[in-house]
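These notes are about the structure you will find just below.
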Amino acid sequence: MDTILIVGISVAMGILLGMGVGGGKLLIPALVLIIGISQQTAQGTTLAVFLPISLIAIYTHIREKNISYKVALYLIAGSVVGAFIGAQVAASLDTDYLRKIYGGFMLAIGFYEMFSKDPKTRYRAHENKS
Amino acid sequence: MKIYSVIIGFLTGIINGLLGVGGTVLVPAMIYILHTERRLAHGTALLIIFPTSVVSTFVYLQNGHVDLQLAWKLAIGGVVGSYIGAKALRKISMVWVKRIFAIVMIVAGIRMVIG
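Protein sequence lines correspond, in order, to chains A and B.
Throughout the first sequence, residue numbering follows our numbering, covering 1 to 130 in sequence.
Throughout the second sequence, residue numbering follows our numbering, covering 1 to 115 in sequence.
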């Protein structure tokens, strides 16, 4: 696999992440379209990449007291069950089919970002961190 | 509210597991449906996504769908990039970053659907 391509993709993803514009959402298509790995492997690898990165972010938010544990509790109870089912479904799907579903999801997010009027939500989160 | 939380959590988990992405819909759902304070929404979303992604990653690993060799290179580049991005944030217009991001998402989305 081309190391220069991987470095370029990962740095570009990181820059977006640092700006608070979801880097993972673009990392998956970059891996599929440029590196040429399967949709499932792109998704699984991206999930793994974000585990250590999000730990650092969580640590920052805990220190800044930006977390409500009460709100998190019931959401986590639902989300871990959903994740288990969702990931099993992803594994069972044909890779071309999963790629098309992901593409549809990207289109929805892209149009939402294009027309939503509230960029401040993201920007404020960053101001809080610094 | 508890039942809404569990349902929103479940849907977040399905998206996380099925598509491998974080909490895209979680933050707006928390703010608009659960009326979570904006200040708390982002941090709390991250806390929710972590155990969720652990479960998803585990299932992907079991199915041989995690390329650890690739993951670790991406993580290093990602950390370097996010440092640059956070520094650059002060000097550029977020509105334009958001627009360019949206266009790239749409173009890549079309390629994913058609390809």
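We put the CB at the ideal spot given by N, CA and C, even for glycine.
Please give the ranges of any alpha helix (DSSP H) in the stretch 80-116 of chain A, keeping only runs that are unbroken, at least 4 residues long and fully inside the region.
95-115
May I ask you to list, following chain order, the residues of the stretch 67-87 of chain B that have a beta carbon less than 9 angstroms from some beta carbon of chain A?
If the cut-off is 9 angstroms between Cβ atoms, the stretch 67-87 of chain B has Asp67, Leu68, Gln69, Leu70, Ala71, Trp72, Lys73, Leu74, Ala75, Ile76, Gly77, Gly78, Val79, Val80, Gly81, Ser82, Tyr83, Ile84, Gly85, Ala86 and Lys87 near chain A.
Check each candidate in Arg99/B, Leu46/B and Ala86/B and name the one with the smallest Cα separation from Gly14/A.
As a first step, residue 14/A is located in the first sequence; it is residue number 14 there, counting from the start. Closest by alpha carbon: Ala86/B.
In whole angstroms, give me the CA-to-CA distance for Leu26/B and Val89/A.
Indexing the second sequence from 1 puts residue 26/B at position 26. Indexing the first sequence from 1 puts residue 89/A at position 89. Taking the straight line joining both Cα atoms gives about 21 angstroms.
How should Val117/B be labelled, buried or exposed, when 16 other C-beta atoms within 10 angstroms of its C-beta is the threshold for buried?
It is not possible to answer for residue 117/B, since the shown part of chain B is limited to 1 through 115.
Classify Ile109/A: buried if its beta carbon has 16 or more other beta carbons within 10 angstroms, exposed otherwise.
For this step, residue 109/A is matched to residue 109 along the first sequence. Per the 10 Å Cβ criterion, buried.
From this set, Val97/B, Ala88/B and Thr12/B, which residue's C-alpha is nearest Val55/B's C-alpha?
Counting from one through the second sequence, the residue named residue 55/B turns up at place 55. Among Val97/B, Ala88/B and Thr12/B, the Cα nearest to that of Val55/B is on Thr12/B.
Do you know offhand how far Leu34/B's Cα is from Lys100/A's?
By one-based count along the second sequence, residue 34/B stands at place 34. By one-based count along the first sequence, residue 100/A stands at place 100. Cα-Cα distance, rounded: 31 angstroms.
Taking only beta-carbon atoms, is Lys91/B less than 7 angstroms away from chain A?
Position 91 of the second sequence, counted from the first residue, corresponds to residue 91/B. Answer no: the Cβ-Cβ gap between Lys91/B and chain A never drops below 7 angstroms.
Within 7 angstroms of chain B by C-beta, residues of the stretch 67-85 of chain A in sequence order:
Ile67, Ser68, Val71, Ala72, Tyr74, Leu75, Ile76, Ala77, Gly78, Ser79, Val80, Val81, Gly82, Ala83, Phe84 and Ile85
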